[in-house]
Amino acid sequence: MFASANLMLDSQLERPAARERLLQLEAADRADRKAKFGKTRATADLFDLVAQCRIAHIRADGRTVETAVVSGGLKERGYLSPAAEAQLQFQMRLKLARFGIVPPSKITLAE
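Going letter by letter, the sequence shown gives residues 227 to 337 in this note's numbering.
In structure tokens form, the structure reads like this:
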């Protein structure tokens, strides 16, 4: 409802035209996600932590993330095993190659 109202205001459209445009934009967004990630929707199993942060509560939100990292054992486990990192790098390079993008030979996370 709010998205179509915003489209009405931003694009100076009447309600039926705004609804149609919203459906077109949503379909384009789904197609884009499907092309990039192989899924039209991001499912909950893809995430370790989902949070809605607000500027007013930024310190509390930061503590929540820190607690999740500590309780999940991320510091002890590290980021990824070497085998998982190699597999992930291969998958990403394959996806990028479809678009003609060639990244540097080795990509690492700054610590």
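Even for Gly, the Cβ is constructed at its ideal location relative to N, Cα and C.
Helix, strand or coil at residue i according to DSSP, with G and I counted as helix
| i | result |
| --- | --- |
| T329 | In the sequence as displayed, the identity of residue 329 is Pro instead of Thr. P329 falls in the coil class under three-state DSSP. |
| G288 | helix |
| D271 | helix |
| R245 | helix |
| S297 | helix |
| R256 | helix |
| S307 | coil |
| L251 | helix |
8 Å contact criterion, which residue i and residue j should meet: CB distance rounded
| i | j | result |
| --- | --- | --- |
| L233 | L249 | Actually they do not touch by this definition, with Cβ atoms about 11 Å apart. |
| L322 | P329 | 6 Å |
| A253 | S230 | About 15 Å separates the two Cβ atoms, so there is no contact after all. |
| C279 | D287 | 4 Å |
Host alpha helix (DSSP H) of residue i (start-end)
| i | result |
| --- | --- |
| Q278 | Premise fails: Q278 is in no alpha helix (DSSP H) and is neither H nor E. |
| K265 | Taken as a continuous stretch (DSSP letters only), K265 belongs to no alpha helix (DSSP H), as it is neither H nor E. |
Nearest candidate by alpha-carbon position, reference residue i, set the options
| i | options | result |
| --- | --- | --- |
| V295 | A282, V276, R280 and S307 | V276 |
| D274 | E311, R245, P308 and T290 | T290 |
| R256 | R245, A268 and E246 | A268 |
| V331 | H283, I281 and A312 | The residue asked about is misnamed: residue 331 is Ser in this sequence, not Val. When only C-alpha atoms are compared, the closest one is A312. |
C-beta contact flag for residue i and residue j at 8 Å
| i | j | result |
| --- | --- | --- |
| L306 | L314 | yes |
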